[in-house]
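J.: Using the numbering used here, the first residue of the sequence shown is number 227, and each one after it goes up by one. Yeah, the Cβ is synthetic: ideal placement off N, Cα and C, and Gly gets one too.
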Amino acid sequence: MVALCPICGADGIDMVYQGFIRMGRYGDSSDRSFCVPHCLSCDTAWLDEAFFDYSQEHYRKQVDGEASIEAYHRLHDRDQVNALEVVGTGEVRGAVVADIGCGGGSFLDAVKGFASKTLAIEPAAFYHEGLKKKGHCPYPGLEQALETHAGEVDLATCLSVIEHVDDPVTLLGRARQLLKPGGRLVVSTPNRNDWLLQLLPEEYGAFFYRAAHRWYLTGKSLEEIGRRAGFNIAQVRHRHRFGLANMLLWLRDKRPTGHDAVAVPPVLDAAFRGTLDHVGLADYIYAELKSTCS
Ligand SMILES: [Zn+2]
Numbered sequence: 227m228v229a230l231c232p233i234c235g236a237d238g239i240d241m242v243y244q245g246f247i248r249m250g251r252y253g254d255s256s257d258r259s260f261c262v263p264h265c266l267s268c269d270t271a272w273l274d275e276a277f278f279d280y281s282q283e284h285y286r287k288q289v290d291g292e293a294s295i296e297a298y299h300r301l302h303d304r305d306q307v308n309a310l311e312v313v314g315t316g317e318v319r320g321a322v323v324a325d326i327g328c329g330g331g332s333f334l335d336a337v338k339g340f341a342s343k344t345l346a347i348e349p350a351a352f353y354h355e356g357l358k359k360k361g362h363c364p365y366p367g368l369e370q371a372l373e374t375h376a377g378e379v380d381l382a383t384c385l386s387v388i389e390h391v392d393d394p395v396t397l398l399g400r401a402r403q404l405l406k407p408g409g410r411l412v413v414s415t416p417n418r419n420d421w422l423l424q425l426l427p428e429e430y431g432a433f434f435y436r437a438a439h440r441w442y443l444t445g446k447s448l449e450e451i452g453r454r455a456g457f458n459i460a461q462v463r464h465r466h467r468f469g470l471a472n473m474l475l476w477l478r479d480k481r482p483t484g485h486d487a488v489a490v491p492p493v494l495d496a497a498f499r500g501t502l503d504h505v506g507l508a509d510y511i512y513a514e515l516k517s518t519c520s
């Protein structure tokens with residue numbers, strides 16, 4: 227039985243989900259039921275078990291189908307528009323940029339033309355040769371990057387990574403040590419306040435809650451983790467990645483059907499996404515954290 231919140235130590239815990247979870251891609255369901263505890267104080271929810279070793283190819287094969295850097299590019303290059311929009315390009319020229327959990331390096335590829343140096347921090351060593359060929363400096367973890375680059379980084383990103391790790395506060399604390407005084411860290415993660423999860427808690431829940439994700443965060447819980455890691459919170463932004471068609475099809479079919487099966491007028495789609503972003507019900511969160519100057 228869960229006693230205390232692993233983030234803030236509070237003892238007020240309830241359960242936000244109980245049921246099957248996703249083990250890899252859609253259709254790969256767990257063979258038993260899981261509980262997802264939730265802290266009433268800091269709003270963090272979590273799975274008590276870890277399933278993957280991220281240095282091994284098995285994880286990428288399970289969730290992406292294959293583990294090559296080309297497959298990573300194919301799947302993740304398209305996501306970088308959203309990350310760039312949030313990070314912005316105005317403060318990147320000449321900067322030292324570190325991407326923590328960079329995978330095959332799609333985000334670093336997108337900023338390489340602006341940055342003076344790009345640190346590719348990634349436990350999966352099978353990406354390192356490809357990362358080096360693209361001009362990035364690969365490190366297997368923050369500990370190794372800190373040996374030579376502590377206090378040197380202007381901008382760090384940690385995109386869709388915090389939900390996977392054993393200890394999010396330690397992760398962000400180490401990321402803070404990489405930064406120059408006044409440097410910034412942009413952290414992103416799926417939003418547990420996703421409207422679709424509220425509308426379809428069972429069917430979408432069995433897709434949303436998954437073996438690869440230890441932590442299920444909201445703007446509030448992400449801010450709490452950032453503060454505990456010694457950051458000031460500059461801004462939390464919600465961004466809905468999928469269009470109205472995706473939500474309509476989920477509500478109709480109770481499963482992921484793809485985005486293109488229903489034509490939604492772009493103006494309606496923009497209003498839908500903009501509204502969810504504004505009220506915090508979007509499917510994804512970006513937090514911009516500032517390192518304190520002390
Ligand atoms: Zn808590």
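Please identify the residue among F468, W272 and H362 whose C-alpha is closest to the C-alpha of G330.
T.: Here the closest residue by C-alpha is H362.
J.: Going by alpha carbons, who is nearest to D305 out of R286, S332 and S294?
T.: The residue with the shortest Cα to Cα distance from D305 is S332.
J.: When the Cβ atoms of the region 342-356 are set against those of the region 273-284, are three or more pairs found closer than 8 Å?
T.: Yes, they touch.
J.: How should Y430 be labelled, buried or exposed, when 16 other C-beta atoms within 10 angstroms of its C-beta is the threshold for buried?
T.: Under this definition Y430 is a buried residue.
J.: Quick one: residues in its chain with C-beta nearer than 7 Å to the C-beta of E514, no 5 flanking neighbours on either side, listed in chain order?
T.: Closer than 7 Å at Cβ, skipping near neighbours: R410, V412, A460 and Q461.
J.: Since F457 is in the beta strand (DSSP E), which residue starts that stretch and which ends it?
T.: That run of the beta strand (DSSP E) goes F457 to R465.
J.: With distance defined between alpha-carbon atoms, name the residue in L266, S267, C265 and M249 nearest to S259.
T.: Minimum Cα distance to S259 is reached at M249.
J.: Can you list, in chain order, the residues of its chain with a C-beta nearer than 6 Å to that of L243? Leave out the 5 residues immediately preceding and following it.
T.: This sequence places Tyr at residue 243; Leu is not what is there. Excluding sequence neighbours, Y243 sits near V262, G431 and Y435.
J.: What does the alpha-carbon distance come out to for the pair R454 and V395?
T.: The alpha-carbon atoms of R454 and V395 are separated by roughly 6 Å.
J.: Tell me the rounded alpha-carbon separation between T315 and D237.
T.: Going from the Cα of T315 to the Cα of D237 covers about 42 Å.
J.: Helix, strand or coil for I233 per DSSP?
T.: The answer is coil: DSSP assigns I233 none of H, G, I, E or B.
J.: May I ask whether a heavy atom of ligand 1 can be found less than 8 Å away from the beta carbon of G235?
T.: Correct: G235 has its Cβ closer than 8 Å to ligand 1.
J.: Between R319 and the rest of its own chain, which residues show a CB-CB distance below 7 Å, the 5 nearest in sequence each way excluded?
T.: The residues are F340.
J.: Whose C-beta lies closer than 6 Å to the C-beta of L423 among residues of the same chain, with five residues either side of it excluded?
T.: Around L423: Y430 and F434.
J.: Hey, quick one: how far does the alpha helix (DSSP H) through A324 stretch, first residue to last?
T.: Segment V322 to I326 is the beta strand (DSSP E) holding A324; no alpha helix (DSSP H) there.
J.: Quick one: residues in its chain with C-beta nearer than 8 Å to the C-beta of G469, no 5 flanking neighbours on either side, listed in chain order?
T.: Once the five neighbours on either side are set aside, the close Cβ partners of G469 are H485, V490, D495, F498 and R499.
J.: How would you write the range of the beta strand (DSSP E) that M241 sits in, first residue to last?
T.: Residues I239 to G245.
J.: Does any heavy atom of ligand 1 sit closer than 8 Å to the C-beta of T270?
T.: Correct: T270 has its Cβ closer than 8 Å to ligand 1.
J.: With a cut-off of 8 Å on the beta carbons, I'd call S447 and S414 a contact; round off their distance for me.
T.: S447 to S414, Cβ: 14 Å. No contact.
J.: If contacts are defined as beta-carbon pairs under 8 Å, then D380 and V312 qualify, I think. What distance do you get, rounded to the angstrom?
T.: Not confirmed; about 16 Å, so no contact.
J.: Does the beta carbon of H354 sit closer than 9 Å to a beta carbon anywhere in chain D?
T.: No chain D is present in this structure, which holds just one protein chain.
J.: With DSSP as the reference, label P394 as helix, strand or coil.
T.: P394: helix per DSSP, three-state reduction.
J.: Any heavy atom of ligand 1 closer than 8 Å to the beta-carbon of S267?
T.: Yes, ligand 1 has a heavy atom inside 8 Å of this Cβ.
J.: Could you pull out every unbroken alpha helix (DSSP H) segment of at least 4 residues lying fully inside the region 345-399, listed in chain order?
T.: Taking only runs of at least 4 residues, the alpha helix (DSSP H) segments lying wholly in the region 345-399 are 354-359 and 368-375.
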